[in-house]
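Participant: So the sequence shown is numbered by this note's numbering: it starts at 801 and just counts up by one.
For every residue, glycine included, the Cβ atom is placed at its ideal position computed from N, Cα and C.
Attaching a single structure in structure tokens format; questions to follow.
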Amino acid sequence: MEAIGKATRGQRLDPDDVTVAYVGGGSRQWVPNLVQDLALSAFDGTVRLYDLDVEAAERNAEFGNWVQEREDATANWTYEATGSLDAALEGADVVLLSTQYDPSETFVHDLDVPEEHGIYGAVAATIGPGGIFRAMRTVHDYERIAARVREHCPDAWVFNFTNPVHFVTRALYDEYPDINAVGMCHEVLHARAHLADLASEHLDVDAERADVSVNVKGINHFTWIDEAYCDGVDLWPLLEDVAESEAGTREFTPADLEDASPFVDNWQVSWELFRRFGVLPFAGDRHVVEYANWFLHGGQEGLNRWGVKRTGSDFRAKHWTPAESEQTTDVEAWLAGEKAFELEASGEAFLDILEALAGGESVVTNVNLPNRGQVEGIERGAVVETNAVVRASEIRPLAAGGFPRPVESMIRGHVDTIETIIEAARDGDLDQAFQGFLIDPQVRTLQTEEAAELFAELVAAEKEYLDDWNVADADVLDGVDVEV
């Protein structure tokens, strides 16, 4: 793999004085992870936590400063909460984006309304009818954030962790083409760790994620690899063997998954697609099935047969409540001494990237950037996910090549949906957004009239969060027996 095209270039970070603006600073997942990573880093600086929920940001600021008082905190960071986005961004060196403005019931709609039309989504996070509506609720907010970055910190490094990553990162560049923005996701990191486990099990080595290198390419949550190595050893023969083995061809039942977490990943979808197309999907199966949606047919039994457990709407709604969630962090319990706290790194790639940008050791990791030629067969400007080399002041994508024609066809179809929604968002054109909705593979399982009905039902359920769309004037809502 070689570096290609235009790099994303920005300022060189001063490790002794970094100002971080965190938009979504009340986050119960990403901020606690960041606090711990920074406490163990080689950086010093200030983190400004901005959130519409100021109390949540204040809680995280208290937690961050509490962690800094520990003897095992090696860095020197100060945390402060603010209710002003402009104040958070002013002069920032690094901007982190991790938000979800809408209440949890929108995620219930994203899953349950399509299910009434026979679309059994697995998670509705980034594509499909629910993922598209999540994007429609989100992209305008991120266009406004990009405009504020242009005004207050135009040279800052901007890292987006918010889903749908491809829609959101694309919206940032659509508003501010010169932004130094990168979409971040840990799915590829988890998949590399799984390959390290396979190498350890079958090749009699003691491998870790860092030992595994891959040629990854695609769009977020629908990435693929055609090369994999562990400390220089070609893993492809091993992967082909595993795909044909008993472990790679197992059929699951609902009973097998009854007590499993929705985050369980049994890799059966990935092995099946590997057998069919000769390249290996490289994101969690719960996400892959929403892009390669053969596996959604047959409802729960059809999905479970491939070892995938649906992330149901009840689980999604509870995500925001620490006492009930498997995915969020109960910071209050740590602060009150009700729960033991151990300072440990999250394993995310963000800190490695930050250190490289400051002039430390260069790093190669997966990122989401506009396509400048790093992925063949996909239009320029669309946000794609590949490896990039990160070094002082630049992030340069690596040439990843193309895909077998059938895989390219699937990816291009999803890119067409994403680009259509982004184009529609410029004018808030709901009719054009419906065109993007209509060509989604999950929606294409419906007649056009029923697709319009589903679209209208989702608009009706989430209308108060679609202020930037021309709901009152949309032709698609006429002639549909749905009150919007």
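Kindly indicate if chain B contains any beta-carbon less than 9 angstroms away from that of F1234.
Facilitator: No chain B appears in this structure, which consists of one protein chain only.
Participant: Short of 7 angstroms in beta carbon distance, which residues of its chain neighbour D816, apart from the five on each side in sequence? Order them along the chain.
Facilitator: D844
Participant: Please state if the CB of V1069 and the CB of F1095 are separated by a distance shorter than 9 angstroms.
Facilitator: yes
Participant: The alpha helix (DSSP H) that contains Y1091, what's its start and end?
Facilitator: D1085 to Y1091
Participant: Nearest to D1026 by CA position, among L1277, V1207 and E1132, is which residue?
Facilitator: V1207 is the residue among L1277, V1207 and E1132 whose C-alpha sits nearest the C-alpha of D1026.
Participant: Starting from the C-beta of F933, find all residues in its chain whose C-beta is less than 7 angstroms away, skip the five residues before and the five after it, and write them out in chain order.
Facilitator: D910, L1258 and E1262
Participant: Look at L1073 and P1081 and say whether their C-beta atoms are less than 9 angstroms apart.
Facilitator: yes
Participant: To the nearest angstrom, how far is it from the Cα of F1022 to the Cα of E1179?
Facilitator: 16 angstroms
Participant: If you draw a straight line from the alpha carbon of E943 to that of V1131, how long is it in whole angstroms?
Facilitator: 31 angstroms
Participant: To which residues of the same chain is C953 closer than 8 angstroms at the C-beta, ignoring the five residues directly before and after it?
Facilitator: A821, L889, E890, G891, A892, D893 and V895
Participant: Consult DSSP for L995 and reduce its assignment to one of helix, strand or coil.
Facilitator: helix
Participant: Locate the beta strand (DSSP E) running through V823, then write down its first and last residues.
Facilitator: From DSSP, the beta strand (DSSP E) with V823 extends over V818 to V823.
Participant: In the DSSP assignment, what residue or residues form a beta bridge with V895?
Facilitator: Per DSSP, the beta-bridge partners of V895 are A821 and V958.
Participant: With distances taken Cα to Cα, identify the nearest neighbour of F1234 among I1221, A946 and H994.
Facilitator: I1221
Participant: Check for me: the beta strand (DSSP E) holding R848 runs from which residue to which?
Facilitator: Per DSSP, R848 belongs to the beta strand (DSSP E) from D844 to Y850.
Participant: Could you give the first and the last residue of the continuous beta strand (DSSP E) run that contains N1168?
Facilitator: Run containing N1168: V1163 to P1170, per the beta strand (DSSP E) assignment.
Participant: Taking the Cβ atom as the reference point for each residue, do W866 and V847 lie within a distance shorter than 9 angstroms?
Facilitator: no
Participant: Within this structure, are the beta carbons of D1031 and D1011 separated by less than 9 angstroms?
Facilitator: Remark: C-beta atoms of D1031 and D1011 approach each other more closely than 9 angstroms.
Participant: By the three-class DSSP mapping on this structure, what secondary structure does R1009 have?
Facilitator: helix
Participant: Less than 7 angstroms between C-beta atoms, sequence neighbours within five positions excluded: which residues of the same chain meet that for A1060?
Facilitator: K1109
Participant: With the cut-off set at 9 angstroms, would you say A1149 and A1192 are in Cβ contact?
Facilitator: Not a contact, by the Cβ cut-off of 9 angstroms.
Participant: Among L838, G826 and T808, whose alpha-carbon lies nearest the alpha-carbon of A1145?
Facilitator: L838
Participant: Would you tell me roughly how many angstroms separate the C-alpha atoms of A751 and F1141, rounded to the nearest one?
Facilitator: Residue numbering for the chain in the displayed model covers 801 to 1284; residue 751 lies beyond these limits and cannot be assessed.
Participant: Could you tell me the distance, in whole angstroms, from the CA atom of F1077 to the CA atom of G826?
Facilitator: In this structure, the CA atom of F1077 is about 42 angstroms from the CA atom of G826.
Participant: In terms of alpha-carbon separation, which member of L1103, H1214, D1231 and G1228 lies closest to I1239?
Facilitator: H1214
Participant: Where do the ends of the alpha helix (DSSP H) carrying G864 lie?
Facilitator: V854 to Q868
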